[in-house]
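Residue numbers (full-length UniProt numbering): 1 to 575.
Using N, Cα and C, we set each Cβ at its ideal position, and we do this for glycine too.
Treat the numbers as computed from the prediction; the structure is a model and nothing was measured.
Here's the structure, in structure tokens; my notes come after.
Take a look at the structure:
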């Protein structure tokens, strides 16, 4: 780093370049930046490049141009799958956006009671694999479902089941975005509207909706991407209804056709990247809703409106609990629906006796590695980019790689790891099929959100800490452990919780990378359902749900105790 000073010599101004002294520990930071860049290139860019390359070669590795594309697209079933994927994504998005927006509006624009309770229930789907919703709808409306007569001869398998399951899975993701979009509003606008006697509907159309439009666009992109890329739900409840994601599953598991699976991966990557680009462009166009003179909006009590919002939220929460509850209940039923007495048969015989309980232990180990190792890597990398001195292009490269996974479907990432790590010529071939590789791909898959959380926390800390440390020749790592980590501990614990829960529930990124000894619980649910053992599948899904819930409670307890000790400065009053 250098600075340009202006000094006067013999009455003439002269520019003098003053270069800041580089200490030995700065070299360590620069080396860490290089290692971080190399790791992201190896575990993200190279696999994606291999996916693209596989599209243009045959099984022997010879270049064949667009033959794979033409051969795949010549099949009429491909266009049917593509139309089905778009139809599912469009239908789910058109349902979940109004549903989640109304829920978010109730949380931010009403004074209804029990807000914390309904918010907690609304986020319940995040604690279980998306497969759980598909299994639950089979128990409700399947061939032996409790509410099968309500369908009047129609079947839940296919388009209806996929849509219902994905609405449940996408709801909390969309809700979090819309709550954030509605939470930051300038109260002065509403006060002026009230002074002019503006009706509630007119305020909604002229103030609320325009202020939340960027959040709505982002939520739409997220919902559409989730539906296009999810393959667990269509495999479980899709029946003969094919989508692009299940085409990949059949090409790899059934036909071992990796070249055509690369073609489908590229087709799946395109809408995800388009959605990511639109979301990125929208965020750049978005302007701050709160200025220096703004006042946060405070809703006013209105008994009729508040009770109406509470009734709506209670109905949605009841539906969400019903989806989760039926699988939990069915996991204890001895023989659905003929012998409805309760017992632990599915846990003892279906999981432990069949040797499948090891999958649950594998998920625990993997999630712990993801939470501990992933948090250290993500936060350490963000710190190197934001707080250390290094080449600007190198930090820009890391930032670009950190955001890229947000636009890459987990299914595509998992397939790319097959191409890279299943090659005998790769020195890292020994990682294939191990829990270590499953943990790595999970960290990469969820890297973007964790990185953004870490960067947001780090940018709240003044750079003067590092400047003073450098002037006193204090190594950056000492400042990191003594200042940065304690200050950012809330964000670090949030990242660890996020990674642990996703490590327990992820399916798409790890579905093709496990060995018989490293099968995770989320994939075991898929395989159990495929084998017709829906009871043990519900039992495994229940174990994952309970574990993720317990982990969240544990993190909350640890956060309360640790933060009370380390974050007292945030609430201390100086007299």
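Judged by DSSP secondary structure, residue 334 falls outside any alpha helix (DSSP H) and instead within the beta strand (DSSP E) spanning 333 to 335. Of the candidates 42, 65, 44 and 314, 65 places its Cα closest to the Cα of residue 53.
Residue 231 carries a coil assignment under DSSP once its states are collapsed to helix, strand and coil. Counted as a single uninterrupted DSSP element, the stretch harbouring residue 450 is not any beta strand (DSSP E) but the alpha helix (DSSP H) occupying residues 447 to 458. Taking the Cα of residue 489 as reference, the smallest distance to any Cα among 461, 503, 504 and 512 is reached at 461. Between the stretch 362 to 379 and the stretch 419 to 433 there are fewer than three inter-stretch CB-CB distances shorter than 8 Å, so the stretches are not counted as touching. DSSP, reduced to helix, strand and coil, places residue 136 within a helical segment of the structure shown.
In the DSSP assignment, residue 514 is bridged to 433. Burial check for residue 406: the Cβ neighbour count within 10 Å reaches 16 or more, so the residue is buried.
Shown here, residue 199 sits in coil according to DSSP, grouped into three states, outside any helix or strand. Setting aside the 5 residues that flank it on each side, residue 399 is surrounded in the same chain by 385, each with a C-beta closer than 7 Å to its C-beta; the list follows chain order. Residue pairing by DSSP places residue 443 in no beta bridge whatsoever. Rounded to whole angstroms, residue 474 and residue 217 show a C-alpha spacing of 46 Å. Rounded to whole angstroms, the separation of the alpha carbons of residue 333 and residue 348 is 13 Å. Take residue 80, set aside five residues on each side of it, and the residues of its chain with a beta-carbon closer than 8 Å to its own are 242, in chain order. Secondary structure at residue 339: strand, using DSSP grouped into helix, strand and coil.
In this structure, the alpha-carbon of residue 103 lies about 9 Å from that of residue 179. Using a Cβ-Cβ distance cut-off of 8 Å, the stretch 133 to 146 and the stretch 229 to 248 are in contact, since at least three pairs of beta carbons, one from each stretch, lie closer than that value. Around the Cβ of residue 519, a 10 Å sphere holds 16 or more other Cβ atoms; the residue is buried. Counting the other CB atoms within 10 Å of its CB gives residue 298 a total below 16, which places it among the exposed residues. Residue 263 is bridged by DSSP to nothing; it lacks a bridge partner. Membership of residue 55 in any alpha helix (DSSP H) is not indicated, and neither H nor E is assigned to it by DSSP. Listed as beta-bridge partners of residue 63 by DSSP are 57. Residue environment for residue 476: buried (at least 16 other C-beta atoms within 10 angstroms of its C-beta). Across the structure, residue 262 and residue 523 are spaced so that their CA atoms are roughly 21 Å apart. For a cut-off of 8 Å, the C-beta gap from residue 434 to residue 502 is around 19 Å, too long to register as a contact. Between residue 43 and residue 99, the gap from beta carbon to beta carbon reaches 9 Å or more. Taking residue 272 as the centre and dropping the five residues before and after it, the same chain places the C-beta of 225, 407 and 409 closer than 6 Å to its C-beta, in chain order. In this structure, residue 144 places its C-beta atom within 9 Å of the C-beta atom of residue 337.
In this structure the stretch 198 to 208 does not touch the stretch 115 to 130; the number of beta carbon pairs closer than 8 Å is below three. Take the alpha-carbon of residue 208 and the one of residue 370: they are about 39 Å apart. Relative to residue 486, the option among 260, 181 and 559 whose CA is nearest is 559.
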